[in-house]
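Visitor:
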Amino acid sequence: LIEKSLENILNTDITVINMGLHAGIGLNRLINHILPYLREQDIVILVPEYGQFSKQINGFGTAWFLERDILHTPLLKMRKRGFLTFPTEFLSYLKETFKKPVGGTTDTASAYRRDAFNSYGDLISHLSLSHDEPITPFTAIPEYDIRSIKAFMRYVKLMQNKNVTILFSYPCFQEQSFYNNENIIEETDEFLRKQTPCIIFLGSPRKYIVNDSLLYDTPFHLNADGREKRTLLIIEDLIAYFKGTGN
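The working numbering numbers the first residue of the sequence shown as 2 and each following residue consecutively.
1. Measuring CB to CB, does residue 201 end up less than 8 Å from residue 167?
2. Check residue 53 in the structure and name its three-state DSSP category.
3. Can the beta-carbon of residue 208 be found closer than 8 Å to that of residue 171?
4. Taking only three categories from DSSP, how would you classify residue 45?
5. Evaluate the contact criterion for the region 142-153 versus the region 51-61: three or more CB pairs, one atom per stretch, below 8 Å.
6. So does the region 217-229 actually touch the region 113-128, counting three or more Cβ pairs closer than 8 Å?
7. Could you say which of 191, 8 and 138 lies nearest to residue 16 if we only look at CA atoms?
8. Within a Cβ cutoff of 7 Å, which residues of the same chain sit near residue 21, ignoring the five residues on either side of it in sequence?
9. At the level of alpha carbons, what is the spacing between residue 45 and residue 165?
10. Based on the DSSP output, what are the partners of residue 140 in its beta bridges?
11. Should residue 189 go down as buried or exposed, given a rule of 16 or more other Cβ atoms within 10 Å for buried?
12. Whole angstroms are fine: how far does the CA of residue 183 sit from the CA of residue 115?
13. Can you tell me where the alpha helix (DSSP H) holding residue 150 begins and where it ends?
14. Given that a residue counts as buried once 16 or more other Cβ atoms are within 10 Å of its Cβ, and exposed if not, what is residue 175?
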């Protein structure tokens, strides 16, 4: 939908690849994984969940699966990396390792399966599923951490060195969860805008507030209707940026 909309309106070829795999990988780790593939004039759109600029920026349990089980990175090497830190939830990693086979879960109701993604990288396995449990609002999200943001800024510099355009957008977030965390969301946004003037910010956090009818199973995870709304919002912001009418 993003490709077609931008190609029709801007009259240009654009290939969209979704690398938003799992918040547990950590924003810096996701950037680290795509860095070798970035080319001059590429456009990177960062849309991290709130809390990603705390120590979560390097991931937690999920990062272990990615680094150790899939990429076969030695544990000692993980400890010595420059910008990335050793994941702290080792017990969580061990628990998941012993609970599931290496091939992944066989639970057909799980959204996290290897066959859950389409060719664009979009997670689609849950779109036809229903989730009847009430979605519990987040009472508190982690506050931003100065060291984490400094590490993020070093990754921003690496992307800049490749002459890519860096855009920043916001996650859709459950309405009550947003208002429970409004102060820290606004403080983090203001701090990021001051510290990273090279990043182009699209829209605002409030624009992406959604009600429970558009959510699947968490205050961040969207159902099919929510995904469509979110996609149309990012298209709106992108077009405003390309036409020079955005913020």
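Each residue gets a CB set at the ideal place from its N, CA and C atoms; glycine is no exception.
Guide: From the atom records:
1. Along the sequence shown, read from residue 1 onward, the residue named residue 201 stands at position 200. Along the sequence shown, read from residue 1 onward, the residue named residue 167 stands at position 166. Yes, the pair counts as a contact, with Cβ atoms nearer than the cut-off.
2. The sequence position of residue 53 within the sequence shown is 52, counting from 1. In the structure shown, residue 53 sits in coil (DSSP, three-state: anything other than H, G, I, E or B).
3. Along the sequence shown, read from residue 1 onward, the residue named residue 208 stands at position 207. Along the sequence shown, read from residue 1 onward, the residue named residue 171 stands at position 170. With respect to the 8 Å criterion, residue 208 and residue 171 are classified as neighbours on the basis of their beta carbons.
4. The count along the sequence shown starts at 1 and reaches residue 45 at position 44. Strand.
5. In short, these stretches touch, since the Cβ pair count reaches three.
6. Counting Cβ pairs under 8 Å, three or more are found: they touch.
7. Here residue 16 corresponds to residue number 15 of the sequence shown, with the count starting at 1. It is 8.
8. Here residue 21 refers to the residue found at position 20 when the sequence shown is read from its first residue. In chain order, 48 place their CB closer than 7 Å to the CB of residue 21, counting only its own chain and leaving out the 5 sequence neighbours on each side.
9. Position 44 of the sequence shown, counting from 1, holds the residue named residue 45. Position 164 of the sequence shown, counting from 1, holds the residue named residue 165. As the crow flies, the alpha-carbon of residue 45 is around 7 Å from that of residue 165.
10. As a working note, residue 140 is residue 139 in the sequence shown. Paired residue(s): none; residue 140 is not in a bridge.
11. Taking the sequence shown and counting its residues from 1, one reaches residue 189 at position 188. With 16 or more other Cβ atoms from the protein chains shown falling within 10 Å of its own Cβ, residue 189 counts as buried.
12. Numbered from its first residue, the sequence shown carries residue 115 at position 114. Numbered from its first residue, the sequence shown carries residue 183 at position 182. A straight-line Cα-Cα distance of about 35 Å links residue 115 and residue 183.
13. For the purposes of this step, residue 150 is identified with residue 149 of the sequence shown, where counting begins at 1. Counting along the chain, the alpha helix (DSSP H) containing residue 150 begins and ends at 147-162.
14. Within the sequence shown, the letter at position 174 stands for residue 175. The residue in question, residue 175, is buried, as its Cβ has 16 or more Cβ neighbours within 10 Å.
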